[in-house]
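Q: Below is the structure I would like to discuss, written out as structure tokens.
In my numbering, the protein residues as written are 6 to 460.
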């Protein structure tokens, strides 16, 4: 009997230490560790309340340029951040800038050395066209895909856009379905396509913002980037005929312009997409519904204005180091299993955050705790793994280093009653198991003694 009591007492003490002493000591150790890395957390929380607002008074930015184009945008190619905007969400007819989307689908389905056939639908397209303008090839003739792409960008060849569409989807309508599927994939809300070359259709429309997203995707594909940046090339058909084509992008190769696409519809103005690179920074500019103007220079001059303005822009402070952002963080009650719980955790920003303080960014920028890939247990044991997300609600999404102000002890205290009940249940179960084990052992001993006495 005494042996049983000793065993039960030992296991009871062990369970108590596991459920109470170990979490307490671990939480205490974590708290000590946190104090060495963020000893001023409480002070920072109080002090940061004065910094938790937009700061734009230091801006030395120049006034936004006046342009003729009805809508326009400039974005940073690498981050997607907007540096200039004018009616960027207004519905416009994209004309031949539509071909940038065509080039994406073509590049994703073909290789530069593939053979592309000149189709009947291609031959029916108006100028600019390799057939109409140069009589380069007829139905059934072929060209390499890389040269088809270059011709489409160099002179905005309408027939080349149909060659690409037919080679990928078989016909214009099926290709338009693919274009709109890509629009949906990119998350664009103001764009719809009906044809691959941008000839006028009331349902073929886009916005300056949406087109900047499309250009960003296109420019990430090497052979599209090469075609967009080609100033002159010799294009050869399977018949042996060849022609030298020169880009109609008048900004190309000047002041850092490394690519682009022109567009024009008689009743809806001049369109232009340009990509610039200066001092390692790449910008994308889009202008819609500009005018033809004298010698067709207005849209190109407008592009120079907004690009120069964007490069001259200086970032200003958006949120200061020490800003505290509250986040709702989930976790499993027992670490890796159990019901999902939520706890409020303050995230302290570890660095200053800067942005371009143009009106659209001042309106749309948000800051929040990034809880998408973490949990309370992880943050409690590694507070410096916390991240804060700054977003414009569109393409720009950047994470910044922060510290999560939470300890293991806080999680335990938040669920103390549940842990005590769980511990009691676990102890009862273990005691029952021990009682059964002891009973089995005693039965075995008695049986052995009986057998021994019989002998």
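Idealized CB from N, CA, C, for every residue including glycine.
From what residue to what residue does the beta strand (DSSP E) around residue 294 run?
A: Translated into the one-based positions of the chain shown, residue 294 becomes position 289. From DSSP, the beta strand (DSSP E) with residue 294 extends over 286-295.
Q: Please state the DSSP three-state secondary structure of residue 178.
A: As a first step, residue 178 is located in the chain shown; it is residue number 173 there, counting from the start. Three-state DSSP puts residue 178 in a helix.
Q: What distance in whole Å lies between the Cβ atoms of residue 334 and residue 372, which are believed to be in contact at a cut-off of 8 Å?
A: Translated into positions along the chain shown, residue 372 becomes position 367. Translated into positions along the chain shown, residue 334 becomes position 329. Actually they do not touch by this definition, with Cβ atoms about 16 Å apart.
Q: Have a look at residue 142 and residue 125 and give me their C-alpha separation to the nearest angstrom.
A: On the chain shown, position 137 is the one that residue 142 refers to. On the chain shown, position 120 is the one that residue 125 refers to. Their Cα atoms are separated by approximately 11 Å.
Q: Leaving out the 5 sequence neighbours to the left and right, which residues in its chain are closer than 6 Å to residue 78 when beta-carbon positions are compared?
A: In the chain shown, the residue the question calls residue 78 occupies position 73. These residues qualify, in order along the chain: 90, 93, 213, 214, 217 and 291.
Q: Reducing DSSP to helix, strand and coil, say where residue 172 ends up.
A: Taking the first residue of the chain shown as position 1, residue 172 is located at position 167. Of the three classes helix, strand and coil, the one that applies to residue 172 here is helix, per DSSP.
Q: Tell me which same chain residues have a C-beta within less than 6 Å of the C-beta of residue 381, skipping the five on either side of it?
A: Stepping through the chain shown from its first residue, residue 381 is reached at position 376. Closer than 6 Å at the Cβ level, and outside the excluded window around residue 381, lie 334, 336, 348 and 416.
Q: So, with DSSP's three-state summary, where would you put residue 43?
A: Sequence index remark: in the chain shown, residue 43 carries index 38 (1-based). For residue 43, the predicted model reports a pLDDT of 36, less than 50, meaning its position is unreliable and no value from the coordinates is stated.
Q: Where does residue 386 sit, in a helix, a strand or coil, going by DSSP?
A: Position 381 of the chain shown, counted from the start, is the residue given in the question as residue 386. Helix at residue 386.
Q: Please confirm whether residue 229 has its beta-carbon closer than 8 Å to some beta-carbon of chain D.
A: Given the protein chain composition of this structure (a single chain), no chain D is represented.
Q: Please classify residue 456: does DSSP put it in a helix, a strand, or coil?
A: Taking the chain shown and counting its residues from 1, the one referred to as residue 456 is at position 451. Three-state DSSP puts residue 456 in a helix.
Q: What does the alpha-carbon distance come out to for the pair residue 133 and residue 140?
A: Locating residue 133 in the chain shown gives position 128, where the first residue counts as 1. Locating residue 140 in the chain shown gives position 135, where the first residue counts as 1. Rounded to the nearest angstrom, the two C-alpha atoms are 11 Å apart.
Q: If you follow the alpha helix (DSSP H) that residue 223 is in, where does it begin and where does it stop?
A: If you number the chain shown from 1, residue 223 lands on position 218. Where residue 223 is concerned, the enclosing alpha helix (DSSP H) stretches over 213-224.
Q: Apart from the five residues just before and just after residue 240, which ones in its own chain have a Cβ nearer than 6 Å to its Cβ?
A: For the purposes of this step, residue 240 is taken as residue 235 along the chain shown, with counting starting at 1. Hits under 6 Å: 152, 156, 248 and 250.
Q: Write down every uninterrupted run of the beta strand (DSSP E) in the segment 352-376 whose length is 3 residues or greater and which is fully enclosed by it, in chain order.
A: Runs found: 358-360 and 371-375.
Q: Could you have a look at residue 137 and say whether DSSP puts it in helix, strand or coil?
A: Position 132 of the chain shown, counting from 1, holds the residue named residue 137. Helix, per DSSP.
Q: Does DSSP classify residue 191 as helix, strand or coil?
A: On the chain shown, position 186 is the one that residue 191 refers to. Residue 191 falls in the coil class under three-state DSSP.
Q: Taking DSSP as the reference, what is the three-state secondary structure of residue 419?
A: Sequence index remark: in the chain shown, residue 419 carries index 414 (1-based). Helix at residue 419.
Q: Let me know if residue 205 comes out buried or exposed under the rule of 16 or more other beta-carbons within 10 Å of its beta-carbon.
A: Counting from one through the chain shown, the residue named residue 205 turns up at place 200. When all chains shown are included, residue 205 counts as exposed.
Q: Within a Cβ cutoff of 6 Å, which residues of the same chain sit near residue 219, ignoring the five residues on either side of it in sequence?
A: Along the chain shown, read from residue 1 onward, the residue named residue 219 stands at position 214. Cβ neighbours of residue 219 beyond the five flanking positions: 105 and 106.
Q: Output the boundary residues of the beta strand (DSSP E) element that contains residue 5.
A: For the chain, the structure presents residues 6 to 460; residue 5 sits outside this window and is missing.
Q: Taking only the alpha-carbon atoms, compute the straight-line gap between residue 243 and residue 164 and give it to the nearest angstrom.
A: Position 238 of the chain shown, counted from the start, is the residue given in the question as residue 243. Position 159 of the chain shown, counted from the start, is the residue given in the question as residue 164. Taking the straight line from one Cα to the other gives about 16 Å.
Q: Taking 8 Å as the cut-off, does the segment 225-240 touch the segment 250-261 (at least 3 CB pairs, one atom from each stretch)?
A: Verdict: yes, contact present.
Q: Among 228, 318, 230 and 383, whose alpha-carbon lies nearest the alpha-carbon of residue 359?
A: To locate residue 359, count along the chain shown from 1; it is residue 354. Of 228, 318, 230 and 383, the residue nearest in Cα terms is 318.
Q: Please identify the residue among 176, 190, 409 and 186 whose C-alpha is closest to the C-alpha of residue 202.
A: Residue 202 sits at position 197 when you count from the first residue of the chain shown. Nearest option by C-alpha distance: 176.
Q: In terms of residue numbering, what span does the alpha helix (DSSP H) encompassing residue 275 cover?
A: By one-based count along the chain shown, residue 275 stands at place 270. Here residue 275 belongs to no alpha helix (DSSP H); instead the beta strand (DSSP E) covers 274-283.
Q: Is residue 354 closer than 8 Å to residue 327 when the C-beta atoms are compared?
A: Taking the first residue of the chain shown as position 1, residue 327 is located at position 322. Taking the first residue of the chain shown as position 1, residue 354 is located at position 349. Closer than 8 Å, so yes.
Q: Within the chosen definition, does the segment 274-288 reach the segment 301-320 through at least 3 CB pairs nearer than 8 Å?
A: Counting Cβ pairs under 8 Å, three or more are found: they touch.
Q: What's the gap between the Cα of residue 136 and the Cα of residue 185?
A: Position 131 of the chain shown, counting from 1, holds the residue named residue 136. Position 180 of the chain shown, counting from 1, holds the residue named residue 185. Taking the straight line joining both Cα atoms gives about 28 Å.
Q: What are the start and end residues of the alpha helix (DSSP H) that includes residue 391?
A: As a working mapping, residue 391 is identified with position 386 in the chain shown. First-last for residue 391: undefined, no H or E at that position.
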